[in-house]
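J.: Residue numbers (my numbering): 295 to 433.
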């Protein structure tokens, strides 16, 4: 295997999430100028601001580093290392708009999607490093 490679979610995904959060912050600012706004409306706006903020932080901090002996997965709550020998299998779930990759390991799951830049290369590096057999589901 060559040099270390780091994979992150697409900048487009981060931009869309940030724009959505900003839009809902704009709605909040607009609501502050209106009178008689119901509590349910305030709750809805705060819900969507929180929703997009959580996903922005989640995807904004996520990365997968592939190195010669395994993976280092960075998530919002910390780092976790996996040796290639820990990887048991990969389940690929194609769907409308994106594909989900579930990497099953002896130390817990790793999940990434086609929203990661270079996700096909990431999949290929994991399959090669873990010496997994390829089948039609991984192609």
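Heads up, the beta-carbon is just placed ideally off N, CA and C, and yes, glycines get one too.
1) Give the DSSP-derived three-state secondary structure of residue 422 in the structure shown.
2) Hey, is the stretch 378 to 385 in contact with the stretch 395 to 403, meaning 3+ C-beta pairs nearer than 8 Å?
3) With a threshold of 16 other CB atoms inside 10 Å of the CB of residue 336, please say whether the residue is buried or exposed.
4) Which partner residues of residue 404 appear in the DSSP bridge assignment?
5) Check whether the Cβ atoms of residue 347 and residue 323 sit closer than 8 Å, and answer yes or no.
6) Count the other C-beta atoms from every protein chain shown that fall within 10 angstroms of the C-beta of residue 387, then say buried if there are 16 or more, exposed otherwise.
7) Report, in whole angstroms, the separation of the C-beta atoms of residue 301 and residue 416, which I expect to be a contact under 8 Å.
8) Do you know offhand how far residue 328's Cα is from residue 319's?
9) With H, G and I counted as helix, E and B as strand and the rest as coil, what does DSSP make of residue 370?
10) Where residue 370 and residue 349 are concerned, what is the direct C-alpha to C-alpha distance, given to the nearest angstrom?
11) Out of 409, 424, 422, point me to the one whose CA is closest to residue 308's CA.
12) Starting from residue 328, follow the alpha helix (DSSP H) in both directions and report where the run begins and ends.
T.: The structure says:
1) For residue 422, the secondary structure class from DSSP, reduced to helix, strand or coil, is helix.
2) Because the criterion of three Cβ pairs below 8 Å is met, the stretch 378 to 385 and the stretch 395 to 403 touch.
3) For residue 336, the number of other beta carbons within 10 angstroms of its own is below 16, and it is reported as exposed.
4) DSSP links residue 404 through a beta bridge to 397.
5) For residue 347 and residue 323, no; Cβs fall outside 8 Å.
6) Burial call: exposed.
7) So it is a contact: roughly 5 Å between Cβ atoms.
8) So the alpha carbons of these two residues sit roughly 15 Å apart.
9) Residue 370 sits in coil when the DSSP states are folded into three classes, being neither helix nor strand.
10) Residue 370 and residue 349 have their C-alpha atoms roughly 10 Å apart.
11) The option with the nearest alpha carbon to residue 308 is 409.
12) Neither: residue 328 is in no alpha helix (DSSP H) and is coded neither H nor E.
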